[in-house]
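What follows is one structure encoded as structure tokens, with my remarks underneath.
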Amino acid sequence: MKQKDIKKKKFNIIPALVIILLIIMVSGSIFLYIRNQELQKKNTINSSGVEKVYKDKKFVFDDLEIIVSSKYNFLNTEKMQKQYEGKDIIEIPVQVKNVESTENNFSISYLKIYNEKGEEIRELGSLFKDKSFENSPKLGKGEMTIKNIYIPYNGNGKYRMVFKTFYEEKELEMEIKK
8 MKQKDIKKKK
18 FNIIPALVII
28 LLIIMVSGSI
38 FLYIRNQELQ
48 KKNTINSSGV
58 EKVYKDKKFV
68 FDDLEIIVSS
78 KYNFLNTEKM
88 QKQYEGKDII
98 EIPVQVKNVE
108 STENNFSISY
118 LKIYNEKGEE
128 IRELGSLFKD
138 KSFENSPKLG
148 KGEMTIKNIY
158 IPYNGNGKYR
168 MVFKTFYEEK
178 ELEMEIKK
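Read left to right, the sequence shown gives residues 8 to 185 (our numbering).
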């Protein structure tokens with residue numbers, strides 16, 4: 008008789024744990040929904056849930072404080088003319104500071120760039136190794152570096168940079184005019 012009581016108690020605990028787990032998941036989803044709505048009202052997140060960031064303003068991404076400068080340059084060397092059919096290259100200075108207590112570096116693979124037509128374009132830092140994030144140094148706590156992002160110029164208009172990891176996404180729009 009005691010064995011039946013014990014089995015009954017074990018059986019009754021499992022549904023209770025499932026219900027508690029479901030309540031936690033639903034309340035977490037509600038919290039995230041409300042937080043997202045508040046951020047949208049403040050206009051920091053667009054309709055797709057991506058946080059907007061702005062040039063010349065600090066933002067934190069992957070535990071790094073980043074400032075993308077609005078003062079870009081156009082480069083056009085003979086090597087570039089041959090390789091990119093005479094197109095100019097846009098050089099955009101970016102300041103990165105580690106705000107985490109452990110070493111960290113900015114990975115250019117977390118960045119997607121779109122031209123004025125919305126087409127994804129390749130970052131060309133591999134052509135400018137010393138000045139680009141291609142060889143981004145490891146930064147200790149509080150250390151800072153200034154490197155450049157290089158992209159092909161396809162015409163005047165708004166270019167977008169999307170900084171994305173598995174857990175966060177930020178978007179910066181930049182008006183480029185020659």
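For every residue, glycine included, the Cβ atom is placed at its ideal position computed from N, Cα and C.
- Under DSSP, the beta-bridge partners assigned to G164 are I183.
- CA-CA distance, I99 to N142, rounds to 16 Å.
- Between the alpha carbons of K104 and L29 lies a gap of roughly 40 Å.
- In this structure, I120 sits near I158, with a CB-CB distance shorter than 8 Å.
- By the neighbour-count criterion, in which 16 or more other beta carbons inside 10 Å mark a residue as buried, L24 falls on the exposed side.
- Taken through DSSP and simplified to helix, strand or coil, S34 comes out as helix.
- Relative to the Cα of E175, the nearest Cα in the group N111, I37, L118, E110 belongs to L118.
- The C-beta separation of I156 from V101 comes to about 6 Å, placing the pair in contact by the 8 Å criterion.
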